[in-house]
Amino acid sequence: MPRPAATPRIHALLLVRDEGDIIEQCLDHLLTWAEGVYVLDTGSTDATWDIVRSRAAREPSRVFASQTDAAFQCGLRSILFRRHRRHFRPGDWIARVDADEFYHSDPREFLRESVAPHEGRVAALQYLFVLTRPEADAWHDGRETLADRARPIEDRRRHYMLEGFPELRFFRYRPTMRWFPERPDPANPGPVAARRIPIRHYRFRDPPQIRARMQLRQRVAAATPLVGRHWANERIHHAVFNADDPRLHHWQPGTPLPDHAGQWPEPDAHLGVDPTGRLGRFCHARGLAWILDLLAR
Numbered sequence: 004m005p006r007p008a009a010t011p012r013i014h015a016l017l018l019v020r021d022e023g024d025i026i027e028q029c030l031d032h033l034l035t036w037a038e039g040v041y042v043l044d045t046g047s048t049d050a051t052w053d054i055v056r057s058r059a060a061r062e063p064s065r066v067f068a069s070q071t072d073a074a075f076q077c078g079l080r081s082i083l084f085r086r087h088r089r090h091f092r093p094g095d096w097i098a099r100v101d102a103d104e105f106y107h108s109d110p111r112e113f114l115r116e117s118v119a120p121h122e123g124r125v126a127a128l129q130y131l132f133v134l135t136r137p138e139a140d141a142w143h144d145g146r147e148t149l150a151d152r153a154r155p156i157e158d159r160r161r162h163y164m165l166e167g168f169p170e171l172r173f174f175r176y177r178p179t180m181r182w183f184p185e186r187p188d189p190a191n192p193g194p195v196a197a198r199r200i201p202i203r204h205y206r207f208r209d210p211p212q213i214r215a216r217m218q219l220r221q222r223v224a225a226a227t228p229l230v231g232r233h234w235a236n237e238r239i240h241h242a243v244f245n246a247d248d249p250r251l252h253h254w255q256p257g258t259p260l261p262d263h264a265g266q267w268p269e270p271d272a273h274l275g276v277d278p279t280g281r282l283g284r285f286c287h288a289r290g291l292a293w294i295l296d297l298l299a300r
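Take the sequence shown: its position 69, counting from 1, is numbered 72 in the numbering used here, and each next residue is one higher.
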């Protein structure tokens, strides 16, 4: 009888800025499955840094807090990767996590049961939870207030749409792996897994958070070319949806997420993201990825 696969260890690399309304819930969630959570604050002006620092003081062996004044770009996770790689072991997984993303099931189980040995990275299947107009009206009428932020976000926002863009979220670690500062992901991560991991993404949570998010992203976009043009073009009407919008679905907390088979936009788009060439597939399949790391630029 074959031995059951070992439960993989996951190291979560988290960039934050002004996530005070959600960061406590995020850390609670990450610590249910991550071996370590490595946080880099990029200039928060709200309570985010105090919350992260307090959590790191309470759990110093699992939460590691740091700050930077560098302009935001996704390659900043390379700082966390290099700074903390002494904690990583061959076969561990590196997770690119965001404060507003929650995994519907334990990622360790997904990586153990749904990812083949030769697959080196995993893309997200994003259920994008949004703010509906009745929910926005409740905020403006005072029926929902800042005090409601203490409630679990899954109780507050239950309408979602299917987000097709296949963001990469997990990378299988090897000791020779390299991550360059200008890149959002490690170099030569290996073939992408055929299956994508479901994520509940709470990008739009309440009107003040949405306004603050858009103002921040516009400032960042004006200061650096290292983020997408869409950062400067977001408007609040892009984030509030009619309750009867045909793109929206409703989820009841505590129940499974529907798989929406056949409904996802571009369900195989992840297979074309930075495809692994013939040499890369050969090296990863035969445990020779270190050769790719020597050649990486």
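Backbone N, C-alpha and C fix where the C-beta goes; we use that ideal spot for every residue, glycine too.
- Going by DSSP, residue 28 is part of the alpha helix (DSSP H) stretching over 26–33.
- The residues 81, 84, 189, in chain order, have a CB closer than 6 Å to that of residue 182 in the same chain once the five nearest residues on each side in sequence are set aside.
- Restricting attention to alpha helix (DSSP H) runs no shorter than 4 residues, the segment 192–274 encloses them at 210–226, 233–236, ordered along the chain.
- Residue burial is scored here from C-beta neighbours: residue 111 has at least 16 other C-beta atoms within 10 angstroms and is therefore classed as buried.
- In this structure residue 191 is in contact with residue 283, their Cβ atoms being roughly 6 Å apart against a cut-off of 8 Å.
- Minimum Cα-Cα distance from residue 209 among the listed residues 18, 17, 116, 25 corresponds to 25.
- For residue 280, the secondary structure class from DSSP, reduced to helix, strand or coil, is coil.
- Contact between the segment 145–164 and the segment 58–70 is not established, with fewer than three Cβ pairs separated by less than 8 Å.
- Exposure of residue 116 is indicated by the presence of fewer than 16 other C-beta atoms within 10 angstroms of its C-beta.
- 196 is the residue among 196, 147, 186 whose C-alpha sits nearest the C-alpha of residue 274.
- Distance from the CA of residue 56 to the CA of residue 252, rounded to the nearest whole angstrom, comes to 37 Å.
- Within the segment 27–97, the complete beta strand (DSSP E) segments of 3 residues or longer fall at 39–44, 66–70, listed in chain order.
- Judged by beta-carbon spacing, residue 133 lies beyond the 9 Å limit of residue 203, meaning their Cβ atoms are not closer than that value.
- Per DSSP, the continuous alpha helix (DSSP H) segment holding residue 298 begins and ends at 292–298.
- In the structure shown, residue 168 adopts coil according to DSSP, grouped into three states.
- For residue 14, no alpha helix (DSSP H) encloses it; the enclosing beta strand (DSSP E) starts and ends at 13–19.
- Here residue 114 really is in contact with residue 96; their C-beta atoms are around 6 Å apart, less than 8 Å.
- A residue is called buried once 16 or more other Cβ atoms fall within 10 Å of its Cβ, and residue 246, having fewer, is exposed.
- 51 is the residue among 149, 199, 51 whose C-alpha sits nearest the C-alpha of residue 22.
- A straight line joining the alpha-carbon of residue 295 with that of residue 244 spans about 46 Å.
- Proximity to residue 87 across 143, 49, 17, 277 peaks at 17, based on C-alpha coordinates.
- Excluding its 5 nearest sequence neighbours in each direction, residue 36 has C-beta neighbours in its own chain below 8 Å: 13, 106, 109, 110, 111, listed in chain order.
- Between the segment 138–154 and the segment 168–184, the count of Cβ pairs shorter than 8 Å is below three; the stretches do not touch.
- Residue 173 sits buried, since 16 or more C-beta atoms from the chains shown fall within 10 Å of its C-beta.
- For residue 158, the closest alpha carbon among the candidates 277, 257, 122 is that of 257.
- DSSP places residue 104 within a strand segment (E or B) once states are collapsed to three.
- Residue 127 carries a strand assignment under DSSP once its states are collapsed to helix, strand and coil.
- Closest in alpha carbon position to residue 118, among 8, 298, 38, 255, is 8.
- Assignment of beta-bridge partners to residue 162 by DSSP yields 253.
- A direct Cα-Cα distance of roughly 33 Å separates residue 41 from residue 135.
- In this structure, residue 33 and residue 100 form a Cβ contact; the two beta carbons are roughly 6 Å apart against a cut-off of 8 Å.
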